[in-house]
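Numbers -16 to -1, 1 to 811, taken from mature numbering (1 follows the signal peptide of the UniProt record, and there is no 0), label the letters of the sequence shown in order.
From the three backbone atoms N, C-alpha and C, an ideal C-beta is built for every residue, glycine too.
Worksheet: one structure, shown below.
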Amino acid sequence: MLNVAMLPLGFQSSCAFKVLVPLSLCPGPVACACCVYCSPSAQSQSPRAATTGATMSKPLSDHDRKKQISVRGLAGVENISALKQDFNRHLHFTLVKDRNVATRRDYYFALAHTVREHLIGRWIRTQQHYYEKDPKRVYYISLEFYMGRTLQNTMVNLALENACDEAMYQLGLDMEELEDMEEDAGLGNGGLGRLAACFLDSMASLGLAGYGYGIRYEFGIFNQKIVDGWQVEEADDWLRYGNPWEKARPEYMRPVRFYGRTEHHSDGVKWVDTQVVLALPYDTPIPGYRNNVVNTMRLWSAKAPCDFNLKDFNVGGYIQAVLDRNLAENISRVLYPNDNFFEGKELRLKQEYFVVSATLQDIIRRFKVSKFGSREIARTDFSKLPDKVAIQLNDTHPAMAIPELMRVLVDEEKLDWDTAWDICVRTCAYTNHTVLPEALERWPVDLFAHLLPRHLEIVYEINRRHLEKVAARYPGDNERLGRMSLIEECGQKRINMAHLCIVGSHAVNGVARIHSDILKATVFKDFYEMEPHKFQNKTNGITPRRWLVMCNPGLAEVIAERIGEDFIRDLDQLQRLREFVNDEAFIRDVAKVKQENKLKFAVHLEEHYKVKINPNSMFDLQVKRIHEYKRQLLNCLHIITYYNRIKKEPNKQWTPRTVMIGGKAAPGYHTAKMIIRLITAIGEVVNNDPVVGDRLKVIFLENYRVTLAERVIPASDLSEQISTAGTEASGTGNMKFMLNGALTIGTMDGANVEMAEEAGDGNLFIFGMLVDDVEALDKKGPQWKVGWSGSGQKLQPVALNINRKSREWGSILLETNGDWPPSQISI
């Protein structure tokens, strides 16, 4: 008989066929007795009945009884009828509704619970497998996870999409309408958070023991409304209807301490008189692509340590007690918008330490225990920690993991400093996401001393030892000491968190080759010269499961018909499409899918934006955060130029173009908001000009987010990746557009460089200065000339038209561009 305990992850014995089948395909009980899970008697008898029958078998021990609680015997989807039954069961017994009172959202929740059921067995078994095999675990700590919607992604990864679609059709429900009921989990500002989400999908699909750790923000990235052409922010209360995908884990709640003071004793340092906030974890399953692996994203929510301060309550301090509770829970209340400009706020530093402290407690708890579900400490040799734990810091936001790990190892586990530091460095790795100096985190020492006094002492000690090494390596170079110090002494003392990450990690990576080169040549040049072995490149990527298979199933099907489905797990397989570049049938099929996507998005625009566009026009897209370095302003100048040309020669055969720009401006970023107003002002003029007609339309895509990206990217013809060379670390939108068949126009910046190398320069439209040219121009400074000359002559009518056509255009450009005298500047 097959030993069920030795079966591969996600498989069980199907005795009727004498083969191993995936858990999701197990036919359930069959008429044989070769497997305890399939035996009819085992399925029908209770443990008590089994031990008191005619055979008088030996009574089961408590351990043996618990072994009967197993996920291996759970049946998977057998047919459409089973899905419909599960759907009805959840509608009635989970949601307590029937068809007479159920809303569309109730139907969505019933479907979500039905799909979630097929995750649970795999989820538990995956964690059991990790405890049995004890692999090295990857802990990806990020303050942002821009997950988007979960339902469709889960159905795709579990191969349930077609079955669920048919089941809903038979029940008279529309799958797309149900999917639209799900709130976007907008726990990120953009690329950094979306990258984290893609990493989680990738680790699960590769079968890696990976965990995502972050904060369960009550309010995610704000919802954007355009009112009279201006951005207006609204709170994103994404949890108001509940979240069927998460599971609270109060048994793993952890205390997080703030404030207080330190006491130095002969046996070590104690951090006392602290204020405690509880971190309550919520787990979300992350399924791999059809491999029965389900990893975990654990997000922490801040809770007050007790409901009321009874003493305050008894003396009439009820209101203050409630206010103090709310203050503690503000830590996980809202996601900070990213404006690429660092501004120190106590709440933000609290958030960063909150997630780090709770996560490290969880990591060490898991490291110490020996088996699944056990709370007994079995491993105390921390020298093995780097062999079993890898902590990846997603930018500097989780940088506090370094001093916190040192505090735990030195103060709590009583390791000597040198041993603890070696463990810390070999455990942590750091990903840098920006080359903009103003975006790097620098926390005031005074704030640190007030909020985290023990950690400030640890940072000072790290810095002292670090500077001793620098001085020994470069004797007499005091300027280098100042540049490489963790503490910036100029003006208000600040802690440079990027420097802390570099010193406390064994690996530092940029997110595109050009970005990594810039880090080594300029931003972190001194550190690279001292420890070149630490620096490496890891170009960002995207998950093809969401950004091709899920959002563009038509194109995925066309590709699969030619080269099979291996590309879904290994995108390098797409190179096999080279043999079809001249295949007329393939080209025709790809073009047909693109046109269908454009027609579909045109309908969406008309329904949601009340704008009718020509679906046969070129869809010209620039969708990303609104920021000066991303150069939406340059796109505006091109739109006006194109508008002028059409007006000048209205009878010429122009290629119809629909320009769509989308993205959010950080609430405090005035210039970015002015750029949005310029875009909408241009649209008001262009879209209402009868001479132009449908040859040019300008649309601002309100509230751009993951779900909207999944709609518009498959429909795009042209992808605008036009940031100033040397400012965009990598970008991932460029990859999503190219994967969905859009042409790229852009600068040699970020991942564009590597994309051009892979696709060939002739397959991208590259323009503008290179990084070296930009740096040379920066050193030279602005060269203002009277009048228009050179390439600037082409923009002279643009500027004049701005003044003549709309005072608003001119005033917006004036505010956006600093001083803008259009008749004086040579561009």
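What's the C-alpha gap between residue i and residue j?
{"i": "G525", "j": "V737", "result": "14 Å"}
{"i": "A143", "j": "E163", "result": "16 Å"}
{"i": "G744", "j": "I750", "result": "11 Å"}
{"i": "Y653", "j": "Q208", "result": "14 Å"}
{"i": "N276", "j": "A288", "result": "37 Å"}
{"i": "L589", "j": "M534", "result": "20 Å"}
{"i": "K368", "j": "D118", "result": "12 Å"}
{"i": "A147", "j": "L344", "result": "41 Å"}
{"i": "D82", "j": "I375", "result": "47 Å"}
{"i": "L484", "j": "D406", "result": "15 Å"}
{"i": "R573", "j": "I659", "result": "The question names Arg, but residue 573 is Asp in the sequence shown. The straight-line gap from Cα to Cα measures roughly 39 Å."}
{"i": "A649", "j": "T664", "result": "14 Å"}
{"i": "H490", "j": "M281", "result": "24 Å"}
{"i": "E472", "j": "A423", "result": "16 Å"}
{"i": "H622", "j": "V690", "result": "27 Å"}
What does a CB cutoff of less than 6 Å around residue i pick up in its chain, not counting 5 residues either side in sequence?
{"i": "W229", "result": "T134, T268"}
{"i": "N598", "result": "P640, D678"}
{"i": "S500", "result": "G494, N521"}
{"i": "G730", "result": "Q705, I706, N736"}
{"i": "R241", "result": "T258, V260"}
{"i": "K657", "result": "Q215, A649"}
{"i": "Y414", "result": "L377, C485, S489, V492"}
Please list, in chain order, all residues of the same chain as residue i whose beta carbon is under 7 Å from its beta carbon, the five residues on each side excluded.
{"i": "residue 886", "result": "Outside the displayed range of the chain (-16 to 811) lies residue 886, so it cannot be described from this structure."}
{"i": "F627", "result": "Here residue 627 turns out to be Tyr, not Phe, going by the sequence shown. Excluding positions up to five away in sequence, the list reads V670, V676, L680."}
{"i": "G717", "result": "V607, K608"}
{"i": "F366", "result": "L393, E397, L399, I407"}
{"i": "S341", "result": "V240, E388"}
{"i": "L583", "result": "P599"}
Just grab the DSSP bridge partners of residue i for me.
{"i": "P428", "result": "R478"}
{"i": "M722", "result": "Note: M722 sits in no beta bridge, so no partner."}
{"i": "G252", "result": "H249"}
{"i": "A491", "result": "A413"}
{"i": "D267", "result": "K231, R282"}
{"i": "S703", "result": "L605, T728"}
{"i": "Y130", "result": "G170"}
{"i": "I375", "result": "Y123, C412"}
{"i": "Y195", "result": "Y123, T280"}
{"i": "R641", "result": "M602, L680"}
{"i": "L262", "result": "P239, K287"}
{"i": "I750", "result": "G730"}
{"i": "G646", "result": "V607, L685"}
Classify residue i as buried or exposed, calling it buried when 16 or more other Cβ atoms lie within 10 Å of its own Cβ.
{"i": "E247", "result": "exposed"}
{"i": "G725", "result": "buried"}
{"i": "Y201", "result": "buried"}
{"i": "E463", "result": "exposed"}
{"i": "Q559", "result": "exposed"}
{"i": "K518", "result": "buried"}
{"i": "A219", "result": "exposed"}
{"i": "T800", "result": "Residue confidence for T800 is low, a pLDDT of 45 falling below 50, so the modelled location carries little weight and cannot support an answer."}
{"i": "K334", "result": "buried"}
{"i": "T728", "result": "buried"}
{"i": "A151", "result": "buried"}
{"i": "K632", "result": "exposed"}
{"i": "F77", "result": "exposed"}
{"i": "R178", "result": "buried"}
{"i": "residue 813", "result": "Lying before the first or after the last residue shown, residue 813 is absent from the chain, which here runs from -16 to 811."}
{"i": "I361", "result": "exposed"}
{"i": "H439", "result": "buried"}
{"i": "L311", "result": "exposed"}
{"i": "K453", "result": "exposed"}
{"i": "H97", "result": "buried"}
{"i": "E425", "result": "buried"}
{"i": "K763", "result": "exposed"}
{"i": "Q476", "result": "exposed"}
Apart from the five residues on each side of it in sequence, which residues of its chain come closer than 8 Å, Cβ to Cβ, to residue i?
{"i": "L190", "result": "G272"}
{"i": "L748", "result": "L727, T728, I729, G730, N736, M739, A740"}
{"i": "D757", "result": "A709"}
{"i": "D550", "result": "Q557"}
Is residue i near the ligand HEM - that is, is its Cβ less than 8 Å away from at least one heavy atom of it?
{"i": "L702", "result": "The ligand HEM is not part of the structure shown, which contains no ligands of any sort."}
Query raised in the report: Whole beta strand (DSSP E) runs in the region 205 to 244 with 3 or more residues, listed along the chain?
Result: 207 to 211, 214 to 218, 238 to 242
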